[in-house]
Each structure stands twice: as C-alpha cells, then as structure tokens.
Amino acid sequence: MVARTTVNSTTDYSALNQKAGTAKASAADQQQDRFLKLLVKQLQSQDPMNPMDNAATTSQMAQISSVTGIEKLNTTMQTMLASFSAAQSFQAAALIGKEVLTVGNKMKFDGTKPVDTRIDLPSGVSHIKVSIMDKNGLVVDNITLPQQPAGAAAVAWDGKMDNGDKAPAGDYLISARGVQDGKEIALNTLTWQTASSVELAKTGVKVMLADQSSVDFSAVRQIR
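With the first letter of the sequence shown counted as 1, position 128 gets the number 128 in the UniProt record's numbering; the numbers rise by one all the way through.
Encoded structure:
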C-alpha cells in the first residue's frame with residue numbers, strides 16, 4: 001500500500017500561506033531597501049548643475065510601486081523626498097563662498113573692473129536697452145544691444161556713466177527692456193552674487209546670498 005502525505009486542516013493551509021506571505025514580504029522589503037540605497041547614492045553623486053530630471057525621477061519611483069502596495073508607497077515617497085532634499089542640500093553647500101549667477105537686479109562695482117551680467121532673452125526680441133542705476137534708482141548709463149538669439153545674453157558695464165565720467169565704487173541696479181511682436185516688454189536680468197549659506201526649507205533647498213536675499217537651488221544658472 002502506497003503511503004500518502006496530505007494537508008487536511010485549514011490551520012495547516014494558513015500556516016503555509018503565512019510563511020509564504022512572510023517570505024514574499026521580506027523579499028519585497030529587501031528589494032525596496034536595495035532600490036532606495038541605489039537611488040539615494042545616485043542622487044548624491046549627480047552633477048548639481050545637471051540633476052536628474054522629473055521624468056527620470058518619476059520613472060525610478062514608479063519601479064517601487066511594483067514591489068510595494070499603495071499603503072507603503074506613501075511612506076516610500078516621503079523617504080524618497082527627504083533623501084532627495086538632503087542630497088540637494090549637500091550639493092548646495094558646495095556653493096558657499098562662491099559666486100552664483102541667478103535672476104536679480106543688484107550688482108556691485110569695485111571702481112575698476114567691468115561688471116559682468118546677463119540678460120535672459122526670449123526669442124524674437126529686438127531693440128534691447130539696458131539701464132544701469134545707482135542705489136537710489138537714478139539712471140547713470142544706458143547700453144543698447146543688437147538683436148540676438150534667445151538665451152543668456154552677456155552684458156559688461158565698464159563703469160562709465162553717460163557723461164563719460166567713471167562711476168564711484170558701490171552698489172548698482174540693472175534693468176532691461178526690449179520689443180517683442182511690436183510690444184515693449186521687461187526682460188529678466190541675471191547678476192552674480194556670493195552664496196553665503198544654505199537653508200533646507202519646507203519648499204526645498206534655498207541658497208542665501210550676500211545681499212540678504214535667497215533663491216531656490218534650482219534657480220542657480222552658473223557658478224564661478
């Protein structure tokens with residue numbers, strides 16, 4: 001007579017299912033942990049001037065949902081965001097003491113060296129006029145630029161006023177206007193400021209500037 005081994009009770013099935021479920025959950029947790037560690041390492045080592053774009057980040061996070069349930073996904077997302085913010089803060093800290101190019105209208109003239117700035121040009125802009133003002137808002141010089149392609153157009157103020165005299169060293173303001181589709185528009189100006197500190201705010205990483213203003217880390221266009 002052939003002996004048979006059977007599972008006859010509901011309890012036996014429950015025990016087997018529980019063990020199988022625990023094994024699957026453990027494997028999923030391990031896979032998730034490995035995924036998070038790799039992604040955080042990737043975020044920390046990325047180029048701060050060329051970070052992972054939203055599409056790539058979303059694609060990475062979508063992979064998590066294949067190994068976790070909806071309830072775990074919220075916790076995972078929070079962990080991801082915290083890790084991403086920490087990585088950005090670490091990268092932004094490298095800016096302290098360096099000059100960063102960002103949207104602004106304040107610039108400093110040392111009395112000798114030309115002041116390097118930029119104008120953020122959309123496409124199709126002509127009749128570009130740049131005004132240099134003292135800290136009281138009085139225009140001391142005007143610069144006219146020829147029409148050029150969209151992008152950050154370089155502007156160098158030599159420190160001379162409209163009357164040809166050398167301007168005194170100090171703080172100055174810059175503004176720019178142009179004509180697009182027959183209408184005069186204001187143009188964003190980009191100036192260099194020294195990064196003094198970094199702050200991890202609720203809205204993201206902020207770079208504090210020497211003039212007491214702050215900008216988002218993502219708004220930094222260039223470093224020198």
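Even glycine gets a Cβ: it sits at the ideal position worked out from N, Cα and C.
Here the structure is a predicted model, which means the values were calculated and not measured.
Ser-131 and Ser-175 do touch by the CB rule: their CB atoms are close to 5 Å apart, below 8 Å. Between the C-alpha atoms of Pro-168 and Phe-109 there is a straight-line separation of about 8 Å. The straight-line gap separating the alpha-carbon atoms of Gln-42 and Arg-34 is approximately 12 Å. Looking from the CA of Asp-171, the closest CA among Lys-135, Ala-156 and Asn-105 belongs to Lys-135. The shortest C-alpha to C-alpha distance from Val-179 to any of Pro-122, Pro-114 and Gln-91 is the one to Pro-122. With a cutoff of 7 Å on beta-carbon distance, Met-208 and Ser-197 are scored as near each other. The beta carbon of Asn-142 lies closer than 8 Å to those of Lys-129, Val-130, Ser-131, Ile-132 and Asp-162 in the same chain, with the five residues before and after it left out. In the three-state reduction of the DSSP assignment, Asp-165 falls in the coil class. Note on the segment 153 to 215: there is no whole alpha helix (DSSP H) run with a minimum of 4 residues. For Leu-200, the number of other beta carbons within 10 angstroms of its own is below 16, and it is reported as exposed. Closest option to Ile-119, judged by alpha-carbon separation, among Gln-148, Thr-79 and Lys-183: Gln-148.
Out of Ala-153, Asp-211 and Leu-138, the CA that lies nearest to the CA of Leu-187 is found in Ala-153.
Between Ala-210 and Ile-96, the gap from beta carbon to beta carbon reaches 7 Å or more.
Cβ neighbours of Ile-223 within its own chain (closer than 8 Å, five residues either side excluded): Met-49, Leu-95, Lys-98, Glu-99, Val-100 and Leu-101.
For Lys-108, the uninterrupted beta strand (DSSP E) segment begins and ends at 106 to 109. One thing to note: Lys-206 has its Cβ within 7 Å of the Cβ of Ser-214. With respect to the 7 Å criterion, Asp-116 and Ala-156 are classified as neighbours on the basis of their beta carbons. Around the beta carbon of Thr-75, fewer than 16 other beta carbons sit within 10 angstroms, so the residue counts as exposed. Taking each of Val-140, Gly-104 and Asp-165 in turn and checking the Cα distance to Thr-191, the smallest one comes out for Gly-104. Per DSSP, the unbroken beta strand (DSSP E) holding Asn-142 starts and ends at 139 to 145. Rounded to whole angstroms, the separation of the alpha carbons of Gln-91 and Leu-145 is 36 Å. Secondary structure note for Arg-118: its beta strand (DSSP E) is the uninterrupted segment 115 to 121.
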